[in-house]
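Taken in sequence, the protein lines are chains A and B. Sequential numbering of the first sequence, starting at 0, is according to numbering that gives the first Met the number 0. Sequential numbering of the second sequence, starting at 0, is according to numbering that gives the first Met the number 0. A virtual CB, placed ideally from N, CA and C, is assigned to each residue, including glycine. Everything below concerns the one structure shown next.
There are 2 protein chains.
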Amino acid sequence: MKRKITLKHIARELDVSISTVSKALKNSEEIGQDTKDKIQAFAKLYNYKPNNIAISLKNKRTRNIGVIIPDIVHHFFTTVFRGIEQYANAKGYNVIICVSDESFDKEVINMEMLANGSIDGFIMALAGETQQKNDYSHLKEVTEQGIPLVLFDRVTDEIQCDKVIINDESAAYQVVEKLIRAGRKRIALITTEGYLNVSAKRAEGYYKALKEHNLPIDKKLILQLPYQQQDETMSNKFFEDTNVDAVLCVNEIFAVKCMGIAQNLGYRIPEDIAFVGFTDGILSHYATPGLTSVDQHGEIMGETAAQMLIEKIEHHHENEEEEEVFETKIVAATLIERDSTPKFL
Amino acid sequence: MKRKITLKHIARELDVSISTVSKALKNSEEIGQDTKDKIQAFAKLYNYKPNNIAISLKNKRTRNIGVIIPDIVHHFFTTVFRGIEQYANAKGYNVIICVSDESFDKEVINMEMLANGSIDGFIMALAGETQQKNDYSHLKEVTEQGIPLVLFDRVTDEIQCDKVIINDESAAYQVVEKLIRAGRKRIALITTEGYLNVSAKRAEGYYKALKEHNLPIDKKLILQLPYQQQDETMSNKFFEDTNVDAVLCVNEIFAVKCMGIAQNLGYRIPEDIAFVGFTDGILSHYATPGLTSVDQHGEIMGETAAQMLIEKIEHHHENEEEEEVFETKIVAATLIERDSTPKFL
DNA sequence: TATTAACACGAAAACGGTTTCGTATACAGG
DNA sequence: CCTGTATACGAAACCGTTTTCGTGTTAATA
């Protein structure tokens, strides 16, 4: 077992000082050419690689970024993560990932674990429980320590930091408007329970579109399901009672499930009922019929978040004192049309 | 902006030595009670937390584990990852994740990035390209340095290390056998191109079952599709030419897609054709009809891998020299029966 | 020949901890 | 009064780097 070789070993072996070795390996002008040759050759031979930890300690930066998300087995989050990872890697950063599991406590623990020197900055989407409790002291603490933070998707106004979101409200608005234009009059909304800000925004877009087109808001057409959609709350009754002609769901799981029920009841899609979901994931793609869906461009969100974070990390590093300025970037959602809706104009 | 406080700050402020502060904070017997009280109170007041990097440098262990997987937007891998993350977190480890994107070069780069002190051990599934090239020198280098490594799912015999796999061959065998018992005679296999060892194993199980039940192996019934299934190679022709009555797919995407085509052609599922997929993911669950699928128990695999790795890391730490012994754990796949197959006995 | 500048390298501090060992003080026992 | 022994703390080494600054040698210059 060849143990890792250090500067000290090289120095001892070649009978020079540690500083000389260090400089020689960075090709410093200070060191004579033959000494450099000798040292570099030796280092290559024994495959010397500097120890990242030591460098991190010295430089006070780790080139790690911490990502905390509510769930990893989730198409949207993994998509964002891929964007983060790609950008970060290209910039020479590693990504440490922690999963909050929608739990406030886990989120806090994970942040504390990472905040003590392990990372240079955070990218995160808030846990559902955190949004519910509305307690962001752990985030505040981190930002007060000067650790850069970028929030995405699940954000809050309580914290001053960079943010990346999609235009949930206007995306929902546009979808509903298109459905109305296509002649649909009884448009249902299937959403999660209230505390998730993204769902709330989508609902607002829905309301707004109905109002502006003078359609009544019918409570019977709005269904709130628990986010962890284990139980079969979504019943056949819904369709039988309401004679809907279009359904907007705040995620694709609801949409696909709903579509399945409608199909079993003999409705034709999209002739009798049109379906649109949020989050253009694998389900939308492979459902039959293909589900028309709002693409949240997770990869772009992730890339944007990583870019903002790294910019802050590196800029921050140079200009110690300077007025902090935070941005909120909005990435535009786009509608992917498939066969669960009539052709839009 | 409150900068992070260090031992040195506390020592200076309280007019004691750094060593005293360090000991006091660990409640050492060596330090007088009043001094301890004073120091601990001060530390709590200023929210002192030791710097992880410094500790890592001193202890030569980071409490980070590196995970390298081919893809993150992939149900099976995220499932495994969740298992890893949960176990690791419970044991006080963080997880650094890198994505090889099925690329040999990225895999090598990522490993090198992490191997220089950032992590205490690796868990990985090989990139497709790596398996194709059959070049494992980067893995060998890492293990020779004494860094523990656990391979899962996409493994190789070339490297001596701990491994976690599922019984792909016998799982496929059992599925095919069940189909045969249910009276199916023309059972198709839809698989990826050859270099992925898991696909190969599943194919072997398929062959074996056919042979042992004296069914002919018909080349027309075996379809090899590119792993990145962008193109629509899977044509209607397949069904029209072959009059299959059952299809086994090595992943759920193939299965769902295939099922859709068959449905469009008017076949009834499972009466005319039965479908079984591997990887019991979200698609299998929400497909219509629900897809009968082999559950690979990713979460258990991840947990097992993490457990093996951490055991090695911590044991290793104590017993420097000792004969290394490696295990391969096999987690048993199970069949999740849904509506794409007739009821099995 | 004496001065100086360039060159090539080493010593040491620093990053933030842990840990071993040494020692000043106080008090007990002979 | 001298010795021995807890007690309570500090000095210093160490983990593996980087970087500043000092210095001995050599060669060029006056």
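CB contact flag (residue i, residue j, <8 Å)
| i | j | result |
| --- | --- | --- |
| A:T191 | A:Q223 | yes |
| A:I146 | A:G120 | yes |
| A:Q306 | A:Y86 | yes |
| B:E251 | B:T278 | yes |
| A:R337 | A:G301 | no |
| B:A42 | B:I9 | yes |
| B:I54 | B:N166 | no |
| A:A171 | A:Y135 | no |
| B:N109 | B:I67 | yes |
| B:L282 | A:I260 | no |
| A:I272 | A:A245 | yes |
| B:V154 | B:K162 | yes |
| A:L214 | A:K184 | yes |
| A:E101 | A:A126 | yes |
| A:E176 | A:R201 | no |
| B:V243 | B:I189 | no |
| B:L308 | B:I122 | yes |
| B:I4 | B:T19 | no |
| B:L56 | A:I64 | no |
| B:K210 | B:T241 | no |
| B:N196 | B:Q144 | no |
Chain-ordered chain B contacts of residue i [CB-CB under 8 Å]
| i | result |
| --- | --- |
| A:A53 | L56, G116 |
| A:E84 | I71, I96, C97, V98 |
| A:Y285 | I252, V255, K256, G259, L282, A286 |
| A:R81 | I71, V72, V98 |
Among the options, the one whose alpha carbon lies nearest that of residue i
| i | options | result |
| --- | --- | --- |
| A:E106 | A:K7, A:A124, A:T287 | A:A124 |
| B:T327 | B:G289, B:L13, B:V149, B:E176 | B:V149 |
| A:I71 | B:S27, B:V79, B:R267 | B:V79 |
| A:Y47 | A:E239, A:L195, A:K7 | A:K7 |
| B:L334 | B:S292, B:T340, B:I309 | B:S292 |
| A:L264 | A:V243, A:E270, A:E239 | A:E239 |
| A:V98 | B:F103, B:I30, B:A89 | B:A89 |
| B:K1 | B:D33, B:L44, B:V243 | B:L44 |
| A:I164 | A:T19, A:I189, A:K177, A:G297 | A:G297 |
| B:M258 | B:S339, B:S27, B:F76 | B:S339 |
| A:E270 | A:A332, A:Q295, A:L247, A:K342 | A:K342 |
| B:E313 | B:L13, B:R60, B:F151, B:D14 | B:R60 |
| A:A187 | A:G276, A:E84, A:D294, A:K37 | A:G276 |
| A:A332 | A:V324, A:F325, A:Q295 | A:Q295 |
| B:D33 | B:P49, B:N50, B:V15 | B:V15 |
| A:E310 | A:R180, A:R62, A:F76 | A:R62 |
| A:A199 | A:I179, A:R180, A:D152, A:A181 | A:D152 |
| B:I96 | B:F76, B:F103, B:D104 | B:F76 |
| A:T303 | A:E84, A:E28, A:P49 | A:E84 |
| B:P49 | A:R267, A:F325, A:E111, A:L138 | A:E111 |
| B:I221 | B:A208, B:L247, B:K207 | B:L247 |
| B:E323 | B:H212, B:T142, B:V94 | B:T142 |
| A:Y285 | B:F274, B:V255, B:R267, B:Y266 | B:V255 |
Residues that residue i contacts on chain A, provided the C-beta gap is smaller than 8 Å
| i | result |
| --- | --- |
| B:Q144 | M0, K1, R2, K3 |
| B:I95 | N63, N93, V94, I95, I96 |
| B:P49 | N115 |
Partner residues on chain A for residue i, Cβ-Cβ distance less than 7 Å
| i | result |
| --- | --- |
| B:M112 | N93 |
Where residue i meets chain B, residues with beta-carbon distance less than 9 Å
| i | result |
| --- | --- |
| A:T78 | I71, V72 |
Residues in the segment 252–281 of chain B having any Cβ partner in chain A nearer than 9 Å: Listed by position, the residues of the segment 252–281 of chain B near chain A (Cβ gap below 9 Å) are I252, V255, K256, M258, G259, Q262, N263, G280, I281.
The segment 124–157 of chain B: positions lying closer than 7 Å to chain A by Cβ: Correct list: E143, Q144, G145.
Contiguous beta strand (DSSP E) assignments of at least 3 residues, all confined to the segment 249–325 of chain B: Within the segment 249–325 of chain B, the complete beta strand (DSSP E) runs of at least 3 residues are 273–277, 291–294.
Within the segment 141–226 of chain A, ranges of the beta strand (DSSP E) (whole runs, at least 3 residues): List check, beta strand (DSSP E) in window: 148–151, 161–165, 186–191, 221–224.
Residues, ordered as in the chain, of the segment 186–214 of chain B that lie near chain A by beta-carbon distance below 8 Å: Listed by position along the chain: nothing, the set is empty.
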